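Visitor:
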Amino acid sequence: MKRNLIFFSISVIVIFSIAVGLSASTAQARQQAAQPEVALNQPSWMQVNTNGFGNPDNEGIFGLEVFNDHLYATSGNWQIGAQVWRLETNGTWVAVSEPGFGSSYGNQNPSIPDMTVFNGNLYAGTGWGGFAGQVWRSPDGSTWNLVASSGFGNSNNLGVAALGTFKGFIYAGTIFNSNGTNGLEIWRSATGNPGDWQKVVTGGKGNTYNYIVTSFTGFGDYFYAAIENMHDGAEIWRTDNGTTWSTVSSGGFGDADNTQTGGMTIYNGYLYVGTRNVVTGAQLYRTTNGTTWDPVIDDGFGDLDNFKIEMIYAWNGSLFAGTDNNLTGVEVWQSMDGLIWHQINRDGFGDSNNLTVLWNSSTIGYNHNLYIGTLNNVTGGEIWRTVYNPICLPLVVR
Numbered sequence: 001m002k003r004n005l006i007f008f009s010i011s012v013i014v015i016f017s018i019a020v021g022l023s024a025s026t027a028q029a030r031q032q033a034a035q036p037e038v039a040l041n042q043p044s045w046m047q048v049n050t051n052g053f054g055n056p057d058n059e060g061i062f063g064l065e066v067f068n069d070h071l072y073a074t075s076g077n078w079q080i081g082a083q084v085w086r087l088e089t090n091g092t093w094v095a096v097s098e099p100g101f102g103s104s105y106g107n108q109n110p111s112i113p114d115m116t117v118f119n120g121n122l123y124a125g126t127g128w129g130g131f132a133g134q135v136w137r138s139p140d141g142s143t144w145n146l147v148a149s150s151g152f153g154n155s156n157n158l159g160v161a162a163l164g165t166f167k168g169f170i171y172a173g174t175i176f177n178s179n180g181t182n183g184l185e186i187w188r189s190a191t192g193n194p195g196d197w198q199k200v201v202t203g204g205k206g207n208t209y210n211y212i213v214t215s216f217t218g219f220g221d222y223f224y225a226a227i228e229n230m231h232d233g234a235e236i237w238r239t240d241n242g243t244t245w246s247t248v249s250s251g252g253f254g255d256a257d258n259t260q261t262g263g264m265t266i267y268n269g270y271l272y273v274g275t276r277n278v279v280t281g282a283q284l285y286r287t288t289n290g291t292t293w294d295p296v297i298d299d300g301f302g303d304l305d306n307f308k309i310e311m312i313y314a315w316n317g318s319l320f321a322g323t324d325n326n327l328t329g330v331e332v333w334q335s336m337d338g339l340i341w342h343q344i345n346r347d348g349f350g351d352s353n354n355l356t357v358l359w360n361s362s363t364i365g366y367n368h369n370l371y372i373g374t375l376n377n378v379t380g381g382e383i384w385r386t387v388y389n390p391i392c393l394p395l396v397v398r
């Protein structure tokens with residue numbers, strides 16, 4: 001009699017055994033993180049650009065976005081100005097914008113913190129140059145037009161940090177100084193056209209220490225904004241109509257040392273957001289209803305030098321997190337349930353000068369791979385992508 005026997009690898013058995021007794025504690029997460037062999041199909045990584053696209057002054061990859069089946073990236077450059085780049089089918093990157101979107105601006109637009117697609121156009125916001133922020137858009141990825149200038153008419157709007165879309169509108173969150181003199185603004189438009197933007201939040205929504213929006217995300221019937229506040233602690237806002245915003249979490253989720261937020265993402269019915277905390281290490285929170293937030297990481301993945309979770313991104317059935325670490329470099333972690341985490345890269349991708357990623361802006365899934373852009377102010381920003389090796393389960397016939 002012949003029997004077909006399928007022999008599963010020992011790693012699958014180990015995964016099952018560990019999964020039986022999972023707990024939600026951070027201590028348990030640290031314990032499992034020390035055993036990387038149990039992670040499901042961990043990727044390897046390959047760099048897909050030359051550092052800084054050949055110019056070390058391109059210090060960071062701040063934005064990644066897919067538009068018309070092409071991958072676009074933004075570089076930060078405080079010498080000549082930020083640029084937009086496109087990945088060609090032959091694997092090369094080409095610049096598709098002038099530095100700073102033209103000689104009239106140049107290094108006044110040193111960074112492009114975010115991009116988004118809306119109504120068939122690619123949008124990009126500028127900032128962090130000490131000048132008023134702008135919004136640019138392109139119908140084809142290479143021709144760019146200015147649609148919002150001079151900080152939406154307020155020179156204190158020193159940048160456009162986050163872009164998002166919700167119920168037929170494009171939203172832009174601004175950057176103010178963190179010293180409490182003004183407070184962030186949120187603008188929206190149904191068309192994105194010049195002169196057709198409406199202010200829906202002003203003065204940090206009553207707290208002028210609310211100085212920057214790091215992420216917009218739709219979750220359920222609401223549109224959420226992650227807010228940084230260096231004085232009172234980070235906040236989360238939401239709206240169901242785009243004009244009336246309510247605060248659903250304040251005071252740094254009960255810890256005022258949670259001063260900054262990263263990106264937000266939805267995974268398995270939860271909304272996640274990461275924080276900066278230099279006292280305890282980075283923290284990660286999640287919610288099912290938008291109002292009650294529970295910590296799932298509260299100690300920087302066991303390393304105080306991981307002082308912020310910048311990126312939290314759901315892709316291909318997994319949850320990914322990226323840390324800010326100025327000592328050994330950015331770390332990327334993967335989870336299947338949001339509770340048990342495994343580091344899946346070498347610290348800094350092998351270079352401690354790769355300090356961090358920017359929120360969720362510089363992370364995206366494209367063509368079956370996850371792409372991550374880094375900040376590297378020594379040799380230039382880098383872009384890395386996953387390389388997945390198939391899991392082989394041998395079939396033995398007797």
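All residue numbers for the sequence shown refer to the working numbering, where the first residue is 1 and numbers rise by one.
Cβ atoms here follow ideal geometry from the backbone N, Cα and C, with glycine treated the same way.
Quick caveat, the model's predicted, so the values are computed rather than measured.
(1) Output the boundary residues of the alpha helix (DSSP H) element that contains S150.
(2) Can you tell me whether H342 is buried or exposed, with buried defined as 16 or more other CB within 10 angstroms of its CB?
(3) Looking at the structure shown, is G329 part of a helix, part of a strand, or coil, going by DSSP?
(4) Relative to the C-alpha of W333, which candidate in D347, G60, L327 has its C-alpha closest?
(5) Between T288 and Y272, how many whole angstroms is the CB-CB distance? I'm expecting something under 8 Å.
(6) List, from N- to C-terminal side, the beta strand (DSSP E) runs of 3 residues or more that fit wholly inside the region 110-138.
(7) Can you check which of these residues, S150, T202, P43, N367, is closest to G133 by C-alpha distance?
(8) DSSP on N51, reduced to helix/strand/coil?
(9) When the Cβ atoms of the region 52-59 are set against those of the region 365-384, are three or more pairs found closer than 8 Å?
(10) In the DSSP assignment, find the unbroken beta strand (DSSP E) run with F169 in it and report its ends.
(11) Quick check on DSSP: helix, strand or coil for D294?
(12) Which one or two residues does DSSP pair with W384 in a beta bridge?
(13) Can you list, in chain order, the residues of its chain whose CB lies under 7 Å from that of Q79, leaving out five sequence neighbours each side?
(14) Considering only residues of the region 165-222, which uninterrupted beta strand (DSSP E) runs meet the minimum length of 3 residues and lie entirely inside it, listed in chain order?
(15) Taking Cβ positions, are M311 and G263 nearer each other than 9 Å?
(16) Hey, out of G329, G91, P110, whose CA is closest to G100's CA?
(17) Between G365 and I297, what straight-line distance do the alpha-carbon atoms span, to the nearest angstrom?
(18) Specify, as a first and last residue, the run of the beta strand (DSSP E) that W93 falls within.
(19) Using the beta-carbon count (16 or more within 10 Å), is S142 buried or exposed?
(20) In whole angstroms, what separates the C-alpha of Y371 from that of K199?
(21) What's the call for E228, buried or exposed, on a 16-neighbour Cβ count within 10 Å?
(22) Answer yes or no: do A162 and G180 have a C-beta to C-beta separation smaller than 9 Å?
(23) In whole angstroms, what is the alpha-carbon distance linking N121 and A73?
(24) Cβ atoms of V135 and V66: under 9 Å apart, would you say?
(25) Please return the same chain residues whose Cβ sits closer than 6 Å to the Cβ of V278, not counting the five positions on each side in sequence.
Guide: Put simply:
(1) 150-153
(2) buried
(3) coil
(4) D347
(5) Contact flag wrong, Cβ pair sits at about 11 Å.
(6) 111-118, 121-127, 135-138
(7) S150
(8) helix
(9) yes
(10) 169-175
(11) strand
(12) Q47, I372
(13) D57, N107
(14) 169-175, 186-189, 198-201, 210-219
(15) yes
(16) P110
(17) 24 Å
(18) 93-95
(19) exposed
(20) 33 Å
(21) buried
(22) no
(23) 15 Å
(24) no
(25) F307
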